[in-house]
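Student: Residue numbers (this note's numbering): 525 to 608. This is the structure I want to talk about, given as structure tokens.
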């Protein structure tokens, strides 16, 4: 076995290994793109949920503020009536 045939064998082995790494890299790249799209979709859904909950909380706050004010005023009026 001379040097030229050994070099050819090494080149063939190197080409095979590099092609395997290239295929694995392409597959991983595809999975990363899919994963990032899924993460983006989940983030969008989460943002919509947070916005909906925020709107619901604001509605509850707007509703409870007048109710609490009316309750406080009625309690004060009852206290004033008891004192008389």
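Glycine included, each C-beta is placed from N, C-alpha and C at the ideal position.
Grab the span of the alpha helix (DSSP H) containing residue 575 for me, first residue to last.
Tutor: 527-607 is the span of the alpha helix (DSSP H), which, as asked, contains residue 575.
Student: Ignore the nearest five residues each way along the sequence and tell me which others in residue 565's own chain have a CB closer than 6 Å to its CB.
Tutor: For residue 565, where only same-chain residues beyond five positions count, there are no Cβ hits under 6 Å.
Student: Look at the alpha carbon of residue 602 and the alpha carbon of residue 567, and state the distance between them as a whole number of angstroms.
Tutor: About 51 Å.
Student: Taking 6 Å as the cut-off, does the CB of residue 551 come closer than this to any heavy atom belonging to the ligand SAH?
Tutor: No copy of the ligand SAH appears in this structure; indeed no ligand is present at all.
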